[in-house]
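Below is one structure, written out as structure tokens, with a few remarks after it.
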Amino acid sequence: MLIKLFTTFFKIGLFTIGGGYVMIPVIQKEVLLNGWLTSQQFNELLAIAEMTPGPIAVNSATFIGYKMNGILGAIFATTGVVLPSFIIILLISKAYEKYENNKFVRKFMSGVLPAVSAVIASAAITIGKDTIISPLALILFICAFLVLYRTKLNLLSVLLISGILGLFIF
Amino acid sequence: MKKFNLNLSLFLTFLKIGALTFGGGYAMIGILKEEIVERKKWLTEKEFLEITAIAEMTPGPIAINMATFIGRKFGGFIGAFFATIGVVLPSFVIILTIAIFSGKLLEYTYVKSFMNGVIIAIVAQLTKVSFNFIKGIKKTILTITIFFASLLCALFLNISVFYIILASGLIGIILERE
Chain A
-3 MLIKLFTTFF
7 KIGLFTIGGG
17 YVMIPVIQKE
27 VLLNGWLTSQ
37 QFNELLAIAE
47 MTPGPIAVNS
57 ATFIGYKMNG
67 ILGAIFATTG
77 VVLPSFIIIL
87 LISKAYEKYE
97 NNKFVRKFMS
107 GVLPAVSAVI
117 ASAAITIGKD
127 TIISPLALIL
137 FICAFLVLYR
147 TKLNLLSVLL
157 ISGILGLFIF
Chain B
86 MKKFNLNLSL
96 FLTFLKIGAL
106 TFGGGYAMIG
116 ILKEEIVERK
126 KWLTEKEFLE
136 ITAIAEMTPG
146 PIAINMATFI
156 GRKFGGFIGA
166 FFATIGVVLP
176 SFVIILTIAI
186 FSGKLLEYTY
196 VKSFMNGVII
206 AIVAQLTKVS
216 FNFIKGIKKT
226 ILTITIFFAS
236 LLCALFLNIS
246 VFYIILASGL
256 IGIILERE
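Structure, rendered in structure tokens:
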């Protein structure tokens, strides 16, 4: 069981590029295929993952690992999902250090930088669309933005205050 | 001793980021940028964006890719190890606690409301960071076109970010002058 958990989540970690929500259908397929959770349990897991910090793949691995085989299961599944990234990035970052100033890498990056900025902007729009759903939420968003943009107040305090205000808004 | 301090600092920084990353991988980019570029000044904005691009193009969760990359850059293998453990640990502990107490925490609606408030601030931070990045990019017809084309693709087409970034990079190789 432990080995099965490890290899399944290793596979999930290895074959999901782009992160975040790309992973959900892949995880869903593996988990239902193995009969580890019912689809209702899977939806509960998604709700939990959404409300807790951290990558959804890690959240799922820990949750399913624990349900199937206790704390040891959680450790094996989580290690499995993290390991592919860890190994691949170690190799890539080494290569990147070597070729960082190569002419083609520079040209490639000059095309990539505006694209990544656009992807980040689109993430702000997509997440915002699902959360900013009332006029009060919009006001909170604008205030939070102005505070972050104009003042030196640190991010952690803004997150906390916004969370507390969330209690009255949502 | 200096090495020990560095690894501890990597571990604690990513522990904090792991604990604050609500709303998925992209949400953490805003928080990570604040911590690594603005406060710690470990990377310039451009270096940060390049690492983000690589993290988005490699398999696995973006948060873990970023942690491993930045950890290795400053602390070699051991640094990568500590940064990665740091970013994973908060989710692991929190999810384990919830799984053990079978999700009781979530029956309280105020937890949900609080999280929604937090996520709104995270979206605000992400918006600010997007503005910073856009301001920082050298503006040519090529980069502006790539920006808007990528934005439209990311918003309206159901394609992986991987292809958007790869295609933009290839266009850069072909069209960018020396």
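Chains as they are written, first to last, in this note's numbering: chain A, -3 to 166; chain B, 86 to 263. Note that beta-carbon positions come from the ideal geometry of N, C-alpha and C, so glycine has one too.
Does residue i come within less than 9 Å of chain A when only Cβ atoms are used?
{"i": "B:Phe99", "result": "no"}
{"i": "B:Leu29", "result": "Residue 29 of chain B is absent from the structure shown; chain B starts at 86 and stops at 263."}
{"i": "B:Asn201", "result": "yes"}
{"i": "B:Asn150", "result": "yes"}
{"i": "B:Phe96", "result": "no"}
{"i": "B:Phe167", "result": "no"}
{"i": "B:Lys125", "result": "no"}
{"i": "B:Val196", "result": "yes"}
{"i": "B:Val246", "result": "yes"}
{"i": "B:Ile250", "result": "yes"}
{"i": "B:Lys88", "result": "no"}
Counting only beta-carbon atoms, is residue i nearer than 9 Å to chain B?
{"i": "A:Val27", "result": "no"}
{"i": "A:Met(-3)", "result": "no"}
{"i": "A:Asn97", "result": "no"}
{"i": "A:Pro51", "result": "yes"}
{"i": "A:Ser55", "result": "Residue identity check: residue 55 of chain A is Asn in the sequence provided, not Ser. Output row for A:Asn55: interface = yes."}
{"i": "A:Lys94", "result": "no"}
{"i": "A:Phe59", "result": "yes"}
{"i": "A:Ile23", "result": "no"}
{"i": "A:Pro80", "result": "yes"}
{"i": "A:Phe2", "result": "no"}
{"i": "A:Leu118", "result": "The question names Leu, but residue 118 of chain A is Ser in the sequence shown. Yes, A:Ser118 lies at the interface with chain B (some Cβ there is under 9 Å from its Cβ)."}
{"i": "A:Pro131", "result": "no"}
Quick one: what's got a C-beta closer than 6 Å to residue i's C-beta in the same chain, skipping five residues either side?
{"i": "B:Gly221", "result": "Glu130"}
{"i": "A:Val101", "result": "Tyr95"}
{"i": "B:Met142", "result": "Phe247 and Ile250"}
{"i": "B:Phe99", "result": "Ala152, Ala168, Gly171 and Val172"}
{"i": "A:Ala70", "result": "Thr58, Gly61 and Tyr62"}
{"i": "B:Trp127", "result": "Ile121"}
{"i": "B:Leu260", "result": "Leu227"}
Measure the CB-CB distance between residue i and residue j and report whether it falls below 9 Å.
{"i": "A:Ala57", "j": "A:Gly76", "result": "yes"}
{"i": "A:Ala111", "j": "B:Phe232", "result": "yes"}
{"i": "B:Gly77", "j": "A:Ile116", "result": "In the structure displayed, chain B extends from 86 to 263; residue 77 of chain B sits before or after that span and is not available."}
{"i": "A:Ile85", "j": "B:Ile139", "result": "yes"}
{"i": "B:Phe137", "j": "B:Gly156", "result": "The displayed chain sequence assigns Thr, not Phe, to residue 137 of chain B. No, the Cβ-Cβ distance between B:Thr137 and B:Gly156 is not below 9 Å."}
{"i": "B:Val173", "j": "A:Val22", "result": "no"}
{"i": "B:Tyr111", "j": "B:Leu211", "result": "yes"}
{"i": "A:Gly162", "j": "B:Ile205", "result": "yes"}
{"i": "A:Phe166", "j": "B:Ser198", "result": "yes"}
{"i": "A:Val154", "j": "B:Ala104", "result": "no"}
{"i": "A:Asn65", "j": "A:Met19", "result": "no"}
{"i": "A:Leu109", "j": "B:Thr228", "result": "yes"}
{"i": "A:Phe141", "j": "B:Ile258", "result": "no"}
{"i": "B:Ser176", "j": "A:Gly9", "result": "no"}
{"i": "B:Phe107", "j": "B:Ile207", "result": "yes"}
{"i": "A:Ala114", "j": "A:Leu1", "result": "no"}
{"i": "A:Lys67", "j": "B:Phe154", "result": "One point to set straight first is that residue 67 of chain A is Ile, not Lys, in the sequence displayed. The answer is no: Cβ separation not under 9 Å."}
{"i": "A:Glu40", "j": "B:Lys158", "result": "no"}
Within a Cβ cutoff of 8 Å, which residues of the same chain sit near residue i, ignoring the five residues on either side of it in sequence?
{"i": "A:Phe6", "result": "Gly76, Val77, Leu79 and Pro80"}
{"i": "A:Leu151", "result": "Leu144"}
{"i": "A:Gly124", "result": "Phe137"}
{"i": "B:Gly215", "result": "What sits at residue 215 of chain B in the sequence shown is Ser, not Gly. Correct list: empty, nothing qualifies."}
{"i": "B:Pro146", "result": "Gly110"}
{"i": "B:Ile149", "result": "Thr169, Val172 and Val173"}
{"i": "A:Phe38", "result": "Gln24, Val27 and Leu28"}
{"i": "B:Leu97", "result": "Gly171"}
Can you list, in chain order, the residues of its chain with a C-beta nearer than 7 Å to that of residue i? Leave out the 5 residues immediately preceding and following it.
{"i": "B:Asn92", "result": "Gly160, Ile163, Gly164 and Phe167"}
{"i": "B:Leu134", "result": "Phe218"}
With burial defined as no fewer than 16 other Cβ atoms inside 10 Å of the residue's Cβ, what is the status of residue i: buried or exposed?
{"i": "A:Ser130", "result": "exposed"}
{"i": "A:Ser106", "result": "buried"}
{"i": "A:Ala119", "result": "buried"}
{"i": "A:Thr3", "result": "exposed"}
{"i": "B:Gly202", "result": "buried"}
{"i": "B:Leu117", "result": "buried"}
{"i": "B:Ala184", "result": "buried"}
{"i": "A:Ser35", "result": "exposed"}
Taking 8 Å as the cut-off, does the CB of residue i come closer than this to any heavy atom belonging to the ligand GTP?
{"i": "B:Leu181", "result": "With respect to the ligand GTP, the structure shown offers nothing to examine, as it has no ligands at all."}
Note down, one range per segment and in chain order, each beta strand (DSSP E) of at least 3 residues found wholly within the segment 116 to 147 of chain A. Counting only runs of 3 or more, we get nothing.
May I have a chain-ordered list of the alpha helix (DSSP H) segments no shorter than 4 residues that lie completely inside the segment 226 to 256 of chain B? Listed in chain order, the complete alpha helix (DSSP H) runs (minimum 4 residues) inside the segment 226 to 256 of chain B are 226 to 241.
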